[in-house]
Amino acid sequence: MPAVDLSHIAKSFGPVKAVDDVSFSIEKGELFGLLGPNGAGKTTCLRVMLDIFKPESGSVAILGGPMNESKKDRIGYMPEERGLYQDIPLERCLTYLGSLKGLSPAEVKQRAAGYLERFDLTAHKTKKVKELSKGMQQKAQVIATLLYQPELLIVDEPFAGLDPVNTQMVMDLLREQHAQGVTIILCSHQMHQVEELCDRIVLIDHGKVMLYGALDDIRRQFSAHAVTVRTGDKIPALKGVERIEPVNGTVKLHLSPGTQPQEVLRSLVAQNINLEQFEISMPTLDEIFIRVVQGEGAAA
Amino acid sequence: MKKILLVLKNELTTIISRPSFWLALVGLPLVGALIFTGIGAINKSASATQTVSQVFSGPQDTRPEGYADLSGIIRQIPESVPPATFVAYPNETSTRQALAAGEISAFYIVPADYIQKGEITYIRPDFNPLASRGDQSNLFTWVVQVNLAGGDILFTNLVNGPLKVDETSLAVIASPDENNPLALWTPYIITIIFYMLIVGSASLLLSNISKEKENRVIEILLTSVTPRQLLTGKILGLGIVGLGQTVFWFGTSYILLNLSGRTFQLPSAIHLPISFLAWGLVFFILGYAVYASLMAGLGALAPNLREASQATFVITIPLIIPLFLSSSIFMQAPNGTIATVLSLFPLSAPVAMMARLSAGGVAWWQPLLAAALLAATAVLIVRAVAGMFRAQALLSGQAFKLKTYLRALAGKM
C-alpha cells in the first residue's frame, strides 16, 4: 500500500493550469524527490496532497485513503514559504504548533530540547522568533516539522537559507528519519542533495510529469553512449570509439552506434592500459533536469 | 473541539502576554481615574458635568453676574433666586466698570428694544465654548420670564410647562420620558457604544489573520486544524478578550469613580431594564461573530493589513447606516418602519435593535426574530469565511478585489 498515491490530478487557477494529469505513487518508508523548476506545479501538488487545495479531477490517497483530520496529525509539512509566529518566543511557538498535532506541553518540551540542542538553538528558545537570524528560523522550522514524529514528512526546499554545516545537519536528519521508516517527500531545486538522498523522483514541468521512476533508471535513460575511464596511461585509438574527451582528470570515450562498453573494456585490457576506473557514463541529475526542462526529455 | 480550545487558548495567551494589551487595559481607566480623582479633590460636591467643564475652564466663578436693563422690564427678582446672584446696574458703562473692577464675573444687557427683537447680550471677559456658565444663565432666563409674565410665578411655570402628563406605557419594556432630552439621546449613545464595541473587537481578528498571513503561518496551521476550527477558535478567543476588556473598563470605571468620590448613576429619565443588558450581551456576541468573521475573511483574501484595512469601511456600512440615522430615525421614530427593518436586517441588527430597545416600546417578538436571523447569518458567514481560508493560500499575494470577496462569501470560489 503506497503512502501517497496521486492519480490523474488536475488543478487550475483561472486560465493557468498549474497541475495537469499528474500521477505518481510513493511507497511507505521511501525518500522520494519531487523536482521541477519554479512555477512547475510542485507546491500545488503538495497542497493537493495535503487537502489544502481540492483538485478539479483525479484522486488522492494518503496513508491508505482519503485525507481526514486524524491523518493530519501524522503528517509533517514544511512549506517553502516558512511560517512561524514572529512575535512570540520560539519555545511557545513550538509548544503551540506541537499541541495542534496532539502533543502535551511536557512532550513538546522534552522532544524540543533534543532538537534545540542539536541545532544549537537552546540559548535562543526564549527569544522572539523575529529576533532569530534567517538560518536560525529555518532550523526552528525544521524542528517544528519533526517535533511530533510524523509518519509522512513533506519538506519543501529544506536547505534554502542554510550554510553548508547546517545543510549537512538537515541531510543527516532526513537520513535518520528515513532509517526510522518515515516516508519523506523532498521537494528541492538542489539536485546534488536530491541525488544523494532520494531513490526515486518525479520531475514536473508546466504542471505535467516529465520524469518519474528510480533515479538510476532515469540516469541510465539519459546516459550518453559513452564510458568514463580514469588511467595514468595515454589512451590509444580504439575500435568503436568515435571521440575521446578529457573531463576533470578522467576521459570520456564516446562510442559509435552498436559498440558495447564491454568491447571497449576488452580492447583497453588487451592493450595493457592500467585502469583505475571504468564506468558507463551517467549524466548528473542537474544535467538531466536542465535537458528535460529545456525540452529535450519526453514526458513520462 | 480540543483544537478549537487550543487555538482559543493561544489567541488569549498571545494577546494577554503583550505589554500593549495591559497598557490599554489598565492605562485607560487609570488615566481617567487620575483625572477624576484630582478634580474630585478640588471640588467634591460638583456634578460630573461641572467637573468635566472645570477641566477646560478652571474653577467655577462664584462672583455675582450683573445686568443693565435698558428696556425696563425687570421690575423684580423672584424670591427663588438666591440673593446676590444678580446685581443691577443703570447702564452698560457702569456694568463694564464693575466687570473691570472684578465685582461681577459677567453681565447681561437687556436692550431698549428687547420686546420688539427678543435679543439680550451676554458679556464675559474670556472666550471658552467648553466652559460651564453654572446656573446663572438659566436663572436670568427665569427672571426675565417671570417679569414678562408680570411677576406671576404660577403663570410663568404653566407657560414653561403647560402639560404635566402622567404617562403609563402599555409595552412590556417601558418607554423613556419623551420630554427628557437625555432619554431621547439614549438610542444615539447606545448606537455609538455598540458600533464601537463590535467594530473594535472584530478588527482584532482582521489584524490577527492579516499578520498570520504575512507570517505565512496559516498554511502550516491548516495542516493541523480545519479552517472552521481555526476560525472558531480565533473568534471565541478574541471575542473573550474584547468582551473581557469592555467589562473590565466599565467595572473599573465604576469602582474608581466611586473611590474618587463620584457616583456613577444613569439618570432616572433613562429606563434600561435587566432584559436590555441580556439582549445587549446576545446582540454583541452575535454581531461580533458576524463582523469578526467578515473581517477574518477580509484578512484572508487581502495580501496585507494595509489593503485589508482599506476595505473595512465597505464591510461596516450596514453598521454605519444606523449610526447616521440614529439622531433622526432612532431618536424620533424608534418603532417606525425604517428603524424596524434595520433592526431586523441581520447586518444592521446588532446596533439598530439595541438602539430601539433603549428607546423602548419594541414588540417582544422582534428582538427574538432579529437574534434568530442574526444567528443564522453568523453560521452562514462563518462557513463561507472558513471556505475562504483554503482559497486564501490560492490567492496569496494577489491584490484585494471586493468582487472576489463577495463571490467568496457567496460560495462561488
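Each protein sequence line maps, in turn, to chains L and Z.
FYI, in this note's numbering the residues of the first sequence are 2 to 301.
FYI, in this note's numbering the residues of the second sequence are 6 to 418.
All residues carry an ideal CB built from backbone N, CA and C; glycine is no exception.
Just so we're clear, the structure is a prediction, and the values are computed from it rather than from any experiment.
| Asked | Found |
| --- | --- |
| Same chain only: Cβ atoms within 8 angstroms of residue 387 (chain Z), ignoring 5 sequence neighbours per side | 233, 236, 237, 240, 294, 298 |
| Three-pair Cβ contact test at 8 angstroms for the segment 100–116 of chain Z versus the segment 70–83 of chain Z | yes |
| Collapsed DSSP secondary structure at residue 244 (chain L) in the structure displayed | strand |
| heavy atom of the ligand MN below 7 angstroms from residue 282 (chain Z) C-beta | No copy of the ligand MN appears in this structure; indeed no ligand is present at all. |
| Within-8 angstroms CB hit, residue 11 (chain Z) to chain L | yes |
| Residue-level contact to chain L via CB, residue 222 (chain Z), 8 angstroms cutoff | yes |
| Cross-strand partners of residue 79 (chain L) (DSSP beta bridge) | L:156 |
| Check whether residue 204 (chain Z) and residue 321 (chain Z) have beta carbons under 8 angstroms apart | yes |
| C-alpha gap between residue 200 (chain L) and residue 54 (chain L), whole angstroms | 28 angstroms |
| Euclidean distance between Cα positions of residue 247 (chain L) and residue 236 (chain L) | 11 angstroms |
| Rounded separation between residue 165 (chain L) and residue 100 (chain L) - CA only | 32 angstroms |
| Distance CB(residue 146 (chain L))-CB(residue 133 (chain L)) smaller than 8 angstroms | no |
| Three-way DSSP call (helix, strand, coil) for residue 204 (chain L) in this model | strand |
| Under 8 angstroms between C-beta atoms of residue 355 (chain Z) and residue 330 (chain Z) | no |
| Neighbouring residues, chain Z, relative to residue 97 (chain L) (Cβ below 8 angstroms) | 11, 15 |
| Below-8 angstroms beta-carbon distance, residue 281 (chain L) vs any chain Z residue | no |
| Span of the alpha helix (DSSP H) around residue 211 (chain L) | Per DSSP, residue 211 (chain L) belongs to no alpha helix (DSSP H); it is in the beta strand (DSSP E), 209–215. |
| Proximity of residue 5 (chain L) and residue 79 (chain L) at Cβ, strictly below 8 angstroms | no |
| Contained alpha helix (DSSP H) runs [length at least 4] in the segment 123–193 of chain L, N- to C-terminal order | 135–147, 165–180 |
| Separation of residue 144 (chain Z) from residue 106 (chain Z), as counted between CA atoms | 24 angstroms |
| Best match in Z:215, Z:288, Z:126, Z:220 for proximity to residue 202 (chain Z) [C-alpha to C-alpha] | Z:288 |
| 7 angstroms CB neighbourhood of residue 427 (chain Z) in its chain, flanking five on each side removed | With chain Z covering 6 to 418 only, the question about residue 427 (chain Z) has no answer from this structure. |
| Classification of residue 70 (chain L) by the beta-carbon crowding that lies within 10 angstroms, buried from 16 upward | exposed |
| Selected residue, minimal CA-CA separation from residue 22 (chain L), among L:114, L:7, L:159 | L:7 |
| Within the segment 311–361 of chain Z, ranges of the alpha helix (DSSP H) (whole runs, at least 4 residues) | 342–349 |
| Endpoints, alpha helix (DSSP H) assigned at residue 231 (chain L) | Where residue 231 (chain L) is concerned, there is no enclosing alpha helix (DSSP H), although the beta strand (DSSP E) it sits in stretches over 227–232. |
| The segment 88–107 of chain L in contact with the segment 56–69 of chain L per 3-pair CB rule at 8 angstroms | no |
| Residues that residue 231 (chain Z) contacts on chain L, provided the C-beta gap is smaller than 8 angstroms | 70 |
| Where the alpha helix (DSSP H) containing residue 114 (chain L) begins and where it ends | 106–119 |
| Test item: CB-CB of residue 41 (chain L) and residue 207 (chain L) under 8 angstroms | yes |
| Buried/exposed call for residue 84 (chain Z), threshold 16 Cβ in 10 Å | exposed |
| is_contact[residue 75 (chain L), chain Z] using C-beta, thresh 8 angstroms | no |
| Contact with chain L by residue 8 (chain Z), beta-carbon distance below 8 angstroms | yes |
| Beta carbon proximity, residue 80 (chain L) to chain Z, threshold 8 angstroms | yes |
| Proximity to residue 307 (chain Z) [Cα-Cα], best of Z:408, Z:156, Z:254, Z:339 | Z:408 |
| Chain L contact residues for residue 322 (chain Z), given Cβ-Cβ distances below 7 angstroms | In chain order: nothing, as chain L lies at least about 29 angstroms away. |
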